[in-house]
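Every letter in the sequence shown is one number past the one before it in the UniProt record's numbering, and letter 209, counting from 1, is 211. Where a beta carbon is used, it is the ideal one built from N, C-alpha and C, also for glycine.
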Amino acid sequence: LMRDVHKKADDINAVYELREKLGEGSFSEVRVAQHRRTQKLVAVKCIRKRALKGKESMLENEIAVLRRIKHENIISLEETFETPTKLYLVMTLVTGGELLDRILERGSYTEKDASRVIKQVLEAVQYLHQLGIVHRDLKPENLLYETPLEDSKIVISDFGLSKMEDQGALSTACGTPAYVAPELLQQKTYGKEVDLWALGVISFILLCGYPPFYDENDSQLYKQIVKADFEFDSPYWDDISHSAKDFIVHLLQKDPERRFNCEQALQHPWISGGAALEKNIH
Ligand code: ADP
Ligand code: MG
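Here it is, written out as structure tokens:
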């Protein structure tokens, strides 16, 4: 059935002109492309199928899932093309850049802004979890602003296929473990809870500008994460609200069963109302 919705081999070049590279991963690259007839600009993720060897049936499955995803804070998949060696995912092009770049550029923003960003991501993740999808690769590079405007909404990119693309990434040096939950590192079974952990790490970084777990030595870093060993160091956290800290403590909870789920996180006062302060942070 899926074959009907894929275009024939090589068709993408007939329909789109592939342009400059936006990003690159180990199995894929993302390029700007322009629709030849309508001139519309899109982002195309080109995935080398060889990297997914033996998991082609899984691929069809994942694409079927991606097609069902429709949420204002998740990048939308417009169409797909397939050749014997490559899979092309055509997505809406967003132009606001990555979350982290924007924060670094702006230098200073408020707790309220941070809370607004996290709320949007939480709503998107809640939606994914309701569909039975675990993102598993939430990090600031995968959170994009839709437009360059100050009040632009944020969208999650790079979803769905991460499970297949990341096989083995944890045991090789290529993946950054900075956002990885304890249960993933310990190779226990894991579920939706890993996304909430990652959101805890992202919230921490948004508020102070540095990560909760860090060591140049990976095995030391693993130890910190597995123990959920982090602190709200002085002076960086002195002026940050108790509410923000309480929110983070519930996300960076090493026991996944005690960690907040999306509903609990969305109901927390730091997200749901008034608790985030207006004042500037770093
Ligand atoms: P990877 O698997 O390589 O991490 P991503 O989907 O995260 O692939 O894309 C890599 C980078 O390409 C992103 O960090 C972002 O900068 C850029 N990018 C991805 N999708 C889009 C998009 N729809 N619009 C604009 N830029 C995008
Ligand atoms: Mg990415």
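Check: Looking only at its own chain, which residues have a Cβ that is under 6 Å from the Cβ of Lys-47, when we skip the five neighbours before and after it?; Outcome: Ser-30, Val-32, Leu-91
Check: Smallest Cα separation from Ser-78: which of Thr-85, Thr-97, Pro-86, Leu-68?; Outcome: Leu-68
Check: By Cβ distance, which residues of its chain are closer than 7 Å to Ile-14, with the 5 residues on each side in sequence left out?; Outcome: Phe-83, Tyr-90
Check: If we ignore side chains and look at the alpha-carbon of each, how far apart do Asp-240 and Gln-226 end up?; Outcome: 22 Å
Check: Are the beta-carbon atoms belonging to Ala-53 and Leu-24 less than 8 Å from one another?; Outcome: no
Check: Looking at the structure shown, is Gln-169 part of a helix, part of a strand, or coil, going by DSSP?; Outcome: Caution is warranted here: a pLDDT of 43 is assigned to Gln-169, below 50, making its placement in the model unreliable, and the coordinate value is therefore given only provisionally. The answer is coil: DSSP assigns Gln-169 none of H, G, I, E or B.
Check: Since Tyr-129 contacts His-73 with CB under 8 Å, what's their CB separation in whole angstroms?; Outcome: 5 Å
Check: Return helix, strand or coil for Leu-101, following the three-state DSSP convention.; Outcome: helix
Check: Do you know offhand how far Asn-75's Cα is from Leu-151's?; Outcome: 16 Å
Check: If you drop the 5 nearest sequence neighbours on each side, which residues of the same chain put their C-beta closer than 6 Å to that of His-252?; Outcome: Phe-262
Check: Got a sec? Which residues, its chain only, sit under 6 Å from Ser-159 by beta carbon, not counting five neighbours each side?; Outcome: Ile-77, Asn-144, Leu-146
Check: I'd like the list of long-range same chain contacts for Gly-202, defined as Cβ closer than 6 Å, with 5 residues on each side in sequence excluded.; Outcome: Ile-250, Leu-253, Leu-254
Check: Identify which residue in Leu-106, Glu-148, Ile-156, Arg-138 has its Cα closest to the Cα of Val-123.; Outcome: Ile-156
Check: If I measure Cβ to Cβ from Leu-95 and keep anything under 8 Å in the same chain, skipping five residues before and after, which residues do I get?; Outcome: Val-34, Leu-43, Val-44, Ala-45
Check: Pick from Ser-221, Ile-207, Glu-80: whose alpha carbon is nearest that of Leu-101?; Outcome: Ile-207
Check: Going by the DSSP bridge assignment, what does Arg-33 pair with across the sheet?; Outcome: Lys-23, Val-46
Check: Excluding five sequence neighbours on each side, which residues of the same chain lie with their C-beta closer than 8 Å to the C-beta of Met-166?; Outcome: Because Met-166 sits at a pLDDT of 48, beneath the cut-off of 50, its placement in the model cannot be relied upon, and the point is left open.
Check: Which of the three DSSP states is assigned to Ala-175 in this structure?; Outcome: Low confidence applies here, because Ala-175 scores a pLDDT of 33, under 50, leaving its location unreliable and the question unanswered by this model.
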